[in-house]
Amino acid sequence: MRTVRVLVLAVVFFASAAAPACADVVINEFMADPASDWSPSDGDDVYDSLDDEWIELMNAGGEAVDMTGWRLRDAVSDSSWKFGFSGTLGSGDIIVVYGNEAYIWEDVNGFTRNGLSLNNSGDTIELVRPDGSVAASVEYGSAVVRDDCSYGRMPDGGSQWALYDGLNPTTPPETGLVPTPGESNVGSPVEERTWGRIKALYRE
Ligand SMILES: [Ca+2]
Ligand SMILES: [Ca+2]
Ligand SMILES: [Ca+2]
Ligand SMILES: [Ca+2]
156 MRTVRVLVLA VVFFASAAAP ACADVVINEF MADPASDWSP SDGDDVYDSL
206 DDEWIELMNA GGEAVDMTGW RLRDAVSDSS WKFGFSGTLG SGDIIVVYGN
256 EAYIWEDVNG FTRNGLSLNN SGDTIELVRP DGSVAASVEY GSAVVRDDCS
306 YGRMPDGGSQ WALYDGLNPT TPPETGLVPT PGESNVGSPV EERTWGRIKA
356 LYRE
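With the sequence shown counted from 1, adding 155 to any position gets you this note's numbering.
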């Protein structure tokens, strides 16, 4: 009997140590300074500097995560809740929240109408679990904010970040890649090579 009890405790401990897949949902990409009509769901085909901001999340873990009750907030200007999630985000799945969707959520839930409020001078985006713990957080400065450029992980879910500046390139372009709301942060920076270098790559 004593042996059985010890075995049960060991199984429970192992299960709890392997469980926290929720830490794998990351802020994957965002656009703080849209200059075009990015939101596909506002139906107005009109550009609005707040409606068209967006934040992309990705489940970079191997398990589906129940996002019900998870919320987004920012830190600069106003730190009230900006959006609340419901439903499950599967492993590898990507979801985007646009500024106009944040307005709708704020209206329905009685919060101040701020949209996503991604300040162009810099801000902090936080993804918060139902118990109040912070699942993911990204702090950015004005250096990565540029018209129609997003700032995102490269590759998806990784620890490195890059400016997706294909629509408004810096000089020289940082990546030359276009922003990818709702899609994988695919692609690699365009690399200029001489013909001799290309031949050398294929030489035996
Ligand atoms: Ca903004
Ligand atoms: Ca719009
Ligand atoms: Ca803000
Ligand atoms: Ca993306």
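Ideal Cβ placement from N, Cα and C applies to all residues, glycine included. The structure presented is a predicted model; accordingly, all values stated were derived computationally and were not measured.
For G254, the enclosing alpha helix (DSSP H) covers residues 254-264. Shortest gap from the CB of A190 to any heavy atom of ligand 1: 7 Å or more. In this structure, P324 and G313 do not form a Cβ contact; the two beta carbons are roughly 22 Å apart against a cut-off of 8 Å. Minimum Cα-Cα distance from L322 among the listed residues F185, I182, S191 corresponds to S191.
With fewer than three CB-CB distances shorter than 8 Å, the region 293-304 does not count as touching the region 240-258. When rounded, the separation of the alpha-carbon atoms in I210 and M186 is 7 Å. For G307, the CB falls within less than 7 Å of some heavy atom of ligand 4. Between ligand 3 and N274, a heavy atom-to-CB distance of less than 7 Å is present. With a cut-off of 7 Å, the C-beta of S297 is classified as distant from ligand 1, since no heavy atom of the ligand falls inside that distance. Per DSSP, reduced to three states, the secondary structure at V299 is helical. Placement of the Cβ of D303 at a distance of 7 Å or more from every heavy atom of ligand 3 is found. For A215, no beta strand (DSSP E) segment is defined, and its DSSP state is neither H nor E. Taking a C-beta distance under 8 Å as the contact criterion, E208 and P334 do not qualify as a contact pair.
By the neighbour-count criterion, in which 16 or more other beta carbons inside 10 Å mark a residue as buried, D320 falls on the buried side. The bridge partners DSSP lists for D229 are I280. Secondary structure note for M186: its beta strand (DSSP E) is the uninterrupted segment 180-186.
Here the alpha carbons of G277 and A257 stand approximately 19 Å from one another.
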